[in-house]
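A.B. asks: Here's a structure for you.
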Amino acid sequence: MTTHEVRSTAAPHRSRALTITLWVLQVLLAAFFLSVAYSKLSGDPAQVEGFEALGFGQWLRYLTGACELAGAIGLLIPRLCGLAAIALVGLMVCATLTNLFLMPGMAAMAILTVALGILIAFVAWARWADTRELLAGLRR
Numbered sequence: 000m001t002t003h004e005v006r007s008t009a010a011p012h013r014s015r016a017l018t019i020t021l022w023v024l025q026v027l028l029a030a031f032f033l034s035v036a037y038s039k040l041s042g043d044p045a046q047v048e049g050f051e052a053l054g055f056g057q058w059l060r061y062l063t064g065a066c067e068l069a070g071a072i073g074l075l076i077p078r079l080c081g082l083a084a085i086a087l088v089g090l091m092v093c094a095t096l097t098n099l100f101l102m103p104g105m106a107a108m109a110i111l112t113v114a115l116g117i118l119i120a121f122v123a124w125a126r127w128a129d130t131r132e133l134l135a136g137l138r139r
């Protein structure tokens, strides 16, 4: 007789309070990222000036805005929210490093990007089982 290990791919049971907290946090983060994506993609003068100061041209502003927009939308889609959170953590790491090392006088802004990164990392951690299930489905 052969035995097979059976693993459940179902997400672990979360309390109702945690589920509600996660969705409220995700909606708030999505609203924030939609707002900053809009300012980048619509050509807000402060954004244009800031990205020009980096010296990479405006393509980086458009790319960053598109990533923020995709992340915000992903946070609102149940199957994608964990993966979107992981991508946004990466974006916040890049934003923090940029604020600290490439933009003189913007070190204080790094506090905001670190705080956002921590909140998004919590979402990514809490949604990890869902993300793992999504990635396993893609490998089939």
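Position 122 (the sequence shown) corresponds to 121 in numbering that gives the first Met the number 0; numbering is contiguous. Positions of the beta carbon are idealized from the N, C-alpha and C atoms, including for glycine. This one's a predicted model, so the numbers in the text were calculated from it and none came from an experiment.
Could you check what DSSP says for Phe50 in three-state terms: helix, strand or coil?
C.D. replies: Taken through DSSP and simplified to helix, strand or coil, Phe50 comes out as helix.
A.B. asks: Thinking C-beta only, is Leu40 closer than 9 Å to Ala69?
C.D. replies: no
A.B. asks: Is DSSP giving Pro140 helix, strand or coil here?
C.D. replies: The requested residue 140 is not part of the displayed model; the chain covers only 0 to 139.
A.B. asks: Out of Phe32, Met108, Ser14, Thr97, point me to the one whose CA is closest to Lys119's CA.
C.D. replies: The sequence shown places Ile at residue 119, rather than the Lys named in the question. Minimum Cα distance to Ile119 is reached at Phe32.
A.B. asks: Looking at C-alpha atoms only, which residue of Arg131, Gly116, Ala94 is the closest neighbour of Leu53?
C.D. replies: Ala94
A.B. asks: Does the stretch 41-52 touch the stretch 69-88, meaning 3 or more C-beta pairs lie closer than 8 Å?
C.D. replies: no
A.B. asks: Answer yes or no: do Arg13 and Leu21 have a C-beta to C-beta separation smaller than 9 Å?
C.D. replies: yes
A.B. asks: Taking just the CA atoms, how far does Ala16 sit from Met102?
C.D. replies: 40 Å
A.B. asks: On a CA-only basis, which of Ile76, Met91, Leu137 is nearest Leu111? Give me that one, please.
C.D. replies: Met91
A.B. asks: Only counting the same chain, and skipping five residues up and downstream in sequence, which positions put a Cβ closer than 8 Å to that of Gly104?
C.D. replies: none
A.B. asks: Going by CA-CA distance only, name the one from Ala125, Val88, Asp129, Phe100 that's closest to Leu115.
C.D. replies: Val88
A.B. asks: Using 8 Å for Cβ pairs, my map puts Glu29 next to Leu74. What's the rounded Cβ distance?
C.D. replies: Here the sequence assigns Ala to residue 29, which means Glu is not the residue at that position. That belief holds up - the Cβ atoms of Ala29 and Leu74 are roughly 4 Å apart, short of 8 Å.
A.B. asks: Can you tell which of Thr63, Phe55, Gly56, Ile72 has the C-alpha that lies nearest to the C-alpha of Val26?
C.D. replies: Ile72
A.B. asks: What is the C-beta distance between Asn98 and Ala106, in whole angstroms, given that I count them as a contact (C-beta under 8 Å)?
C.D. replies: 6 Å
A.B. asks: Drop a sphere of 10 angstroms on the beta-carbon of Phe18, count the other beta-carbons inside from all chains shown, and report buried for 16 or more, exposed for fewer.
C.D. replies: Contrary to the premise, residue 18 reads as Thr rather than Phe in this sequence. Label assigned to Thr18: exposed.
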